[in-house]
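Residue numbers (the numbering used here): 37 to 326.
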Amino acid sequence: MSATILDDARRTHSLGVLFMDESAKGLTHPFFASVLNAFKMAAEAGGYDVTFINHRIGGDILTYLEYCRYRKLDGVCIACIDFEDPQVTELVKSNIPCVTVDHIYRRIPAVLSDNEHGVQRLVEYAIAMGHKKIAMIHGHNNSVVTRTRIGQFYQTMQFHSLSVPEDYVRGGLYGDIEMTRGLVSELLRLPDRPSCILLPDDLCYLGAQEAARELGLRIPEDVSFAGYDGIPVMQSIKPRLTTVRQKSDEIGMEAARLLIAKIEDPGSVGWMPVFVPVELLEGGTVGRVE
(Lines of atoms letter the chains of each structure in order from A and count residues from 1; the text may use other names and numbers.)
(Lines give C-alpha, C1' and ligand atoms only; values in the text may rest on other atoms or scores of the structure.)
Protein backbone atom coordinates (compact mmCIF):
# COMPACT_ATOMS: atom_id res chain seq x y z
CA MET A 1 0.00 0.00 0.00
CA SER A 2 1.42 3.39 -0.96
CA ALA A 3 2.17 6.16 1.55
CA THR A 4 -0.46 8.37 -0.17
CA ILE A 5 -3.21 5.79 0.37
CA LEU A 6 -2.14 5.28 3.98
CA ASP A 7 -2.19 9.05 4.64
CA ASP A 8 -5.65 9.34 3.10
CA ALA A 9 -6.96 6.41 5.16
CA ARG A 10 -5.64 7.91 8.38
CA ARG A 11 -6.93 11.42 7.69
CA THR A 12 -9.79 12.40 9.97
CA HIS A 13 -12.83 13.81 8.18
CA SER A 14 -13.57 17.10 9.90
CA LEU A 15 -16.20 19.82 9.86
CA GLY A 16 -15.54 23.33 11.11
CA VAL A 17 -17.92 25.59 13.03
CA LEU A 18 -17.59 29.36 12.63
CA PHE A 19 -19.49 30.91 15.51
CA MET A 20 -19.27 34.18 17.41
CA ASP A 21 -22.49 35.63 18.80
CA GLU A 22 -22.88 39.39 19.16
CA SER A 23 -23.56 39.27 22.90
CA ALA A 24 -20.17 37.56 23.44
CA LYS A 25 -21.82 34.75 25.39
CA GLY A 26 -20.34 32.11 23.12
CA LEU A 27 -21.49 28.59 23.87
CA THR A 28 -23.16 29.72 27.10
CA HIS A 29 -26.04 31.11 24.99
CA PRO A 30 -28.71 28.41 25.50
CA PHE A 31 -30.27 28.48 22.04
CA PHE A 32 -27.08 28.35 20.00
CA ALA A 33 -25.47 25.93 22.44
CA SER A 34 -28.35 23.56 21.72
CA VAL A 35 -28.12 24.09 17.94
CA LEU A 36 -24.39 23.44 17.85
CA ASN A 37 -24.59 20.44 20.19
CA ALA A 38 -27.15 18.84 17.87
CA PHE A 39 -24.93 19.68 14.89
CA LYS A 40 -21.94 18.06 16.61
CA MET A 41 -23.85 14.88 17.50
CA ALA A 42 -25.24 14.49 13.97
CA ALA A 43 -21.83 15.17 12.41
CA GLU A 44 -20.10 12.62 14.62
CA ALA A 45 -22.80 10.06 13.84
CA GLY A 46 -21.96 10.64 10.18
CA GLY A 47 -18.26 9.99 10.80
CA TYR A 48 -17.01 13.56 11.07
CA ASP A 49 -15.11 15.30 13.85
CA VAL A 50 -16.03 18.91 14.65
CA THR A 51 -13.62 21.75 15.38
CA PHE A 52 -14.22 25.42 16.12
CA ILE A 53 -12.56 27.86 13.75
CA ASN A 54 -10.41 30.69 15.07
CA HIS A 55 -7.78 33.09 13.78
CA ARG A 56 -4.69 31.50 15.31
CA ILE A 57 -2.35 28.62 14.60
CA GLY A 58 0.33 28.92 17.26
CA GLY A 59 1.49 32.53 17.07
CA ASP A 60 0.27 33.09 13.51
CA ILE A 61 -2.93 34.98 12.75
CA LEU A 62 -4.86 33.50 9.82
CA THR A 63 -8.02 34.39 7.93
CA TYR A 64 -10.96 32.01 8.35
CA LEU A 65 -10.27 30.53 4.92
CA GLU A 66 -6.56 30.07 5.66
CA TYR A 67 -7.43 28.34 8.94
CA CYS A 68 -9.87 25.96 7.19
CA ARG A 69 -7.32 25.05 4.55
CA TYR A 70 -4.57 24.58 7.12
CA ARG A 71 -6.81 22.23 9.12
CA LYS A 72 -7.97 20.51 5.90
CA LEU A 73 -11.60 20.89 6.89
CA ASP A 74 -14.09 19.11 4.65
CA GLY A 75 -16.84 21.65 5.25
CA VAL A 76 -17.97 24.51 7.51
CA CYS A 77 -21.15 25.40 9.41
CA ILE A 78 -21.47 29.18 9.84
CA ALA A 79 -23.75 30.44 12.61
CA CYS A 80 -24.34 33.62 14.59
CA ILE A 81 -21.54 35.76 13.23
CA ASP A 82 -21.18 38.97 11.20
CA PHE A 83 -22.20 37.48 7.87
CA GLU A 84 -21.03 40.63 6.05
CA ASP A 85 -17.47 40.27 7.37
CA PRO A 86 -15.18 40.10 4.29
CA GLN A 87 -13.45 37.04 5.74
CA VAL A 88 -16.78 35.23 6.07
CA THR A 89 -17.81 36.08 2.50
CA GLU A 90 -14.37 34.98 1.31
CA LEU A 91 -14.94 31.61 2.96
CA VAL A 92 -18.40 31.03 1.47
CA LYS A 93 -17.13 31.95 -2.00
CA SER A 94 -14.29 29.41 -1.74
CA ASN A 95 -14.43 25.78 -2.84
CA ILE A 96 -14.96 24.61 0.75
CA PRO A 97 -18.56 23.37 1.22
CA CYS A 98 -20.51 25.57 3.66
CA VAL A 99 -23.92 25.69 5.28
CA THR A 100 -25.36 28.64 7.20
CA VAL A 101 -27.71 28.87 10.17
CA ASP A 102 -30.04 31.90 10.29
CA HIS A 103 -28.62 33.56 7.19
CA ILE A 104 -29.09 33.20 3.44
CA TYR A 105 -26.29 33.51 0.89
CA ARG A 106 -26.85 32.93 -2.81
CA ARG A 107 -26.27 29.26 -3.70
CA ILE A 108 -25.27 28.24 -0.14
CA PRO A 109 -27.49 25.77 1.78
CA ALA A 110 -29.15 27.43 4.77
CA VAL A 111 -31.26 26.38 7.74
CA LEU A 112 -33.55 28.87 9.49
CA SER A 113 -36.48 28.88 11.86
CA ASP A 114 -39.81 29.95 10.38
CA ASN A 115 -39.51 33.43 11.92
CA GLU A 116 -42.33 34.90 9.85
CA HIS A 117 -44.81 32.42 11.26
CA GLY A 118 -43.33 32.75 14.76
CA VAL A 119 -43.77 36.51 15.01
CA GLN A 120 -47.18 36.34 13.35
CA ARG A 121 -48.35 33.82 15.95
CA LEU A 122 -47.04 35.96 18.82
CA VAL A 123 -48.67 39.17 17.60
CA GLU A 124 -51.97 37.48 16.81
CA TYR A 125 -51.98 35.78 20.21
CA ALA A 126 -51.48 39.16 21.93
CA ILE A 127 -54.26 40.67 19.81
CA ALA A 128 -56.57 37.76 20.66
CA MET A 129 -55.88 38.54 24.33
CA GLY A 130 -57.19 42.07 23.73
CA HIS A 131 -53.94 43.97 23.24
CA LYS A 132 -53.90 46.83 20.75
CA LYS A 133 -50.82 48.73 21.95
CA ILE A 134 -48.02 46.28 21.17
CA ALA A 135 -44.34 47.26 21.14
CA MET A 136 -41.28 45.38 19.91
CA ILE A 137 -37.66 45.30 21.04
CA HIS A 138 -35.61 43.55 18.39
CA GLY A 139 -32.05 42.26 18.20
CA HIS A 140 -29.28 43.61 16.02
CA ASN A 141 -30.85 44.46 12.65
CA ASN A 142 -27.82 43.38 10.61
CA SER A 143 -29.32 39.92 10.07
CA VAL A 144 -31.99 38.31 7.91
CA VAL A 145 -33.62 36.95 11.08
CA THR A 146 -34.13 40.37 12.65
CA ARG A 147 -35.26 42.00 9.43
CA THR A 148 -37.77 39.19 8.91
CA ARG A 149 -39.15 39.54 12.43
CA ILE A 150 -39.49 43.32 12.19
CA GLY A 151 -41.17 43.12 8.80
CA GLN A 152 -43.63 40.47 9.98
CA PHE A 153 -44.45 42.48 13.12
CA TYR A 154 -45.46 45.54 11.08
CA GLN A 155 -47.27 43.41 8.51
CA THR A 156 -49.36 41.57 11.10
CA MET A 157 -50.22 44.77 12.97
CA GLN A 158 -51.25 46.43 9.70
CA PHE A 159 -53.36 43.41 8.72
CA HIS A 160 -55.31 43.86 11.96
CA SER A 161 -55.60 47.64 11.39
CA LEU A 162 -53.44 48.45 14.43
CA SER A 163 -51.00 51.35 14.35
CA VAL A 164 -47.42 51.15 15.60
CA PRO A 165 -46.09 54.44 17.02
CA GLU A 166 -42.50 55.11 15.97
CA ASP A 167 -41.22 54.94 19.55
CA TYR A 168 -42.81 51.51 20.07
CA VAL A 169 -40.05 49.76 18.09
CA ARG A 170 -36.63 49.75 19.73
CA GLY A 171 -33.33 48.20 18.65
CA GLY A 172 -31.44 46.13 21.21
CA LEU A 173 -29.20 43.08 21.20
CA TYR A 174 -30.01 39.40 21.52
CA GLY A 175 -29.27 38.12 25.00
CA ASP A 176 -28.45 41.57 26.44
CA ILE A 177 -30.43 41.59 29.68
CA GLU A 178 -29.25 44.98 30.93
CA MET A 179 -29.87 46.77 27.63
CA THR A 180 -33.35 45.26 27.51
CA ARG A 181 -34.06 46.46 31.05
CA GLY A 182 -33.27 50.01 29.98
CA LEU A 183 -35.33 49.83 26.78
CA VAL A 184 -38.33 48.34 28.57
CA SER A 185 -38.08 51.07 31.21
CA GLU A 186 -38.17 53.70 28.46
CA LEU A 187 -41.23 52.10 26.84
CA LEU A 188 -43.08 51.85 30.15
CA ARG A 189 -42.40 55.52 30.92
CA LEU A 190 -44.05 56.70 27.69
CA PRO A 191 -47.19 58.83 28.19
CA ASP A 192 -49.13 56.26 26.15
CA ARG A 193 -47.24 53.13 27.10
CA PRO A 194 -47.71 49.76 25.39
CA SER A 195 -49.71 47.07 27.12
CA CYS A 196 -47.61 44.26 25.60
CA ILE A 197 -43.91 44.17 24.65
CA LEU A 198 -42.29 41.57 22.40
CA LEU A 199 -38.69 40.87 23.45
CA PRO A 200 -35.66 39.82 21.33
CA ASP A 201 -35.37 36.46 23.10
CA ASP A 202 -36.21 34.61 26.30
CA LEU A 203 -33.10 35.70 28.20
CA CYS A 204 -34.10 39.34 27.75
CA TYR A 205 -37.23 38.68 29.82
CA LEU A 206 -35.02 38.83 32.93
CA GLY A 207 -34.26 42.48 32.15
CA ALA A 208 -37.88 43.22 31.25
CA GLN A 209 -39.07 41.68 34.51
CA GLU A 210 -36.69 43.87 36.50
CA ALA A 211 -37.78 47.04 34.68
CA ALA A 212 -41.44 46.33 35.42
CA ARG A 213 -40.63 45.60 39.06
CA GLU A 214 -38.72 48.89 39.43
CA LEU A 215 -41.82 50.77 38.23
CA GLY A 216 -44.13 48.85 40.53
CA LEU A 217 -45.91 47.10 37.65
CA ARG A 218 -47.28 43.56 37.83
CA ILE A 219 -46.90 40.92 35.11
CA PRO A 220 -49.28 40.33 33.41
CA GLU A 221 -51.90 42.43 35.21
CA ASP A 222 -50.25 45.77 34.35
CA VAL A 223 -47.93 44.91 31.48
CA SER A 224 -47.44 41.83 29.30
CA PHE A 225 -44.29 40.36 27.76
CA ALA A 226 -43.49 37.69 25.18
CA GLY A 227 -40.09 36.16 24.47
CA TYR A 228 -38.58 34.13 21.65
CA ASP A 229 -36.58 30.86 21.52
CA GLY A 230 -38.41 28.60 23.99
CA ILE A 231 -35.40 28.01 26.25
CA PRO A 232 -36.45 25.26 28.71
CA VAL A 233 -34.96 26.89 31.82
CA MET A 234 -36.92 30.08 31.17
CA GLN A 235 -40.14 28.07 31.25
CA SER A 236 -39.57 27.45 34.97
CA ILE A 237 -39.96 31.16 35.86
CA LYS A 238 -43.32 32.20 37.31
CA PRO A 239 -45.43 33.36 35.62
CA ARG A 240 -44.31 31.05 32.82
CA LEU A 241 -43.03 32.99 29.82
CA THR A 242 -45.16 33.19 26.69
CA THR A 243 -42.78 32.60 23.81
CA VAL A 244 -42.06 30.96 20.48
CA ARG A 245 -40.06 27.75 20.69
CA GLN A 246 -37.42 27.34 18.02
CA LYS A 247 -36.59 23.69 17.40
CA SER A 248 -32.85 24.02 18.01
CA ASP A 249 -32.16 20.27 17.79
CA GLU A 250 -33.81 20.04 14.38
CA ILE A 251 -31.91 23.10 13.15
CA GLY A 252 -28.55 21.65 14.21
CA MET A 253 -29.23 18.18 12.81
CA GLU A 254 -30.52 19.55 9.51
CA ALA A 255 -27.44 21.79 9.16
CA ALA A 256 -25.19 18.75 9.65
CA ARG A 257 -27.22 16.66 7.21
CA LEU A 258 -27.07 19.33 4.50
CA LEU A 259 -23.35 19.94 4.95
CA ILE A 260 -22.42 16.24 4.85
CA ALA A 261 -24.64 15.75 1.79
CA LYS A 262 -22.97 18.68 0.06
CA ILE A 263 -19.56 17.13 0.75
CA GLU A 264 -20.41 13.56 -0.21
CA ASP A 265 -23.04 14.08 -2.93
CA PRO A 266 -23.13 17.75 -4.03
CA GLY A 267 -25.84 17.16 -6.61
CA SER A 268 -28.29 16.03 -3.91
CA VAL A 269 -28.38 19.42 -2.18
CA GLY A 270 -30.66 22.17 -3.46
CA TRP A 271 -30.19 25.89 -3.01
CA MET A 272 -33.54 26.75 -1.41
CA PRO A 273 -33.25 27.43 2.34
CA VAL A 274 -34.78 24.95 4.77
CA PHE A 275 -37.26 26.51 7.20
CA VAL A 276 -37.83 24.63 10.45
CA PRO A 277 -41.33 25.07 11.98
CA VAL A 278 -41.76 26.90 15.29
CA GLU A 279 -44.26 26.45 18.12
CA LEU A 280 -46.16 29.03 20.18
CA LEU A 281 -45.94 28.35 23.93
CA GLU A 282 -48.85 30.03 25.69
CA GLY A 283 -47.51 30.98 29.11
CA GLY A 284 -48.76 33.39 31.74
CA THR A 285 -46.91 36.60 30.84
CA VAL A 286 -49.47 37.85 28.30
CA GLY A 287 -52.56 38.87 30.20
CA ARG A 288 -56.06 39.46 28.89
CA VAL A 289 -57.14 43.05 28.29
CA GLU A 290 -60.87 43.64 28.58
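For each residue, glycine too, the CB sits at the ideal point set by N, CA and C.
Report the option in Leu-98, Thr-99 and Cys-113 whose CA atom is closest to the CA atom of Tyr-84.
Cys-113
What does the Cβ neighbour count give for Glu-318, buried or exposed, with the cut at 16 atoms within 10 Å?
exposed
Which stretch, first to last residue, makes up the beta strand (DSSP E) that contains Gly-303?
Here Gly-303 belongs to no beta strand (DSSP E), and DSSP marks it neither H nor E.
State the start and end residues of the unbroken beta strand (DSSP E) segment that holds Leu-51.
50-55
For the alpha helix (DSSP H) that contains Ile-163, what are its first and last residues?
151-164
Note the first and the last residue of the continuous alpha helix (DSSP H) segment covering Glu-318.
Counting along the chain, Glu-318 falls outside any alpha helix (DSSP H), and DSSP gives it neither H nor E.
CB-CB under 6 Å to Thr-99, same chain, minus the five flanking residues each way: which ones, in chain order?
Gln-123
Who are the Cβ neighbours of His-153 in its own chain at under 7 Å, not counting the five residues just before and after it?
Val-314
Considering just the uninterrupted stretch of the alpha helix (DSSP H) at Phe-195, what are its terminal residues?
180-195
How long is the line joining the alpha carbons of Val-137 and Leu-239, rounded to whole angstroms?
20 Å
Coil, strand or helix - Ile-287 by DSSP
helix
Alpha carbon to alpha carbon, how far is Leu-226 from Ile-299?
54 Å
Return yes when the Cβ of Arg-281 is within less than 8 Å of the Cβ of Gly-266, no when it is not.
yes
What would DSSP say about Ile-173, mapped onto helix, strand or coil?
strand
Do three or more CB pairs link the region 200-211 to the region 131-147 at distances below 8 Å?
no
Gly-303 versus Ser-50 - alpha carbon distance
21 Å
For Cys-232 and His-174, believed in contact at Cβ under 8 Å, the rounded distance:
Actually they do not touch by this definition, with Cβ atoms about 15 Å apart.
Burial state of Pro-201 (16 or more Cβ within 10 Å):
exposed
Ignoring anything shorter than 4 residues or poking outside the region 66-113, list the alpha helix (DSSP H) runs there in chain order.
66-81 and 100-106
Excluding the 5 residues preceding and the 5 following His-139 in the sequence, name in chain order all residues of the same chain whose CB lies nearer than 7 Å to its CB.
Phe-119, Ala-146, Ser-179 and Val-180
Option nearest Ser-284 by Cα separation, candidates Leu-54, Tyr-264 and Thr-278
Tyr-264
Would you kindly check if the distance between the Cβ of Tyr-106 and the Cβ of Asn-90 is under 8 Å?
no
Within 10 angstroms of its Cβ, does Val-269 collect 16 or more other Cβ (buried), or is it exposed?
exposed
Among Gly-243, Leu-253, Arg-254 and Leu-101, nearest to Lys-129 - alpha-carbon criterion
Leu-101
When you compare only the Cα positions, how much space is there between Val-305 and Arg-183?
26 Å
Pairwise C-alpha distance: Tyr-161 and Ala-292
33 Å
Just curious, the alpha helix (DSSP H) that Gly-218 is in, first and last residue?
213-224
Just checking Leu-253 against the ligand NAD - is the residue's beta carbon closer than 7 Å to any of the ligand's heavy atoms?
Of ligands this structure carries none, so the ligand NAD is not represented either.
Thinking just about the alpha-carbon of each residue, which of Leu-295, Ala-297 and Phe-261 is nearest to the one in Gly-320?
Phe-261
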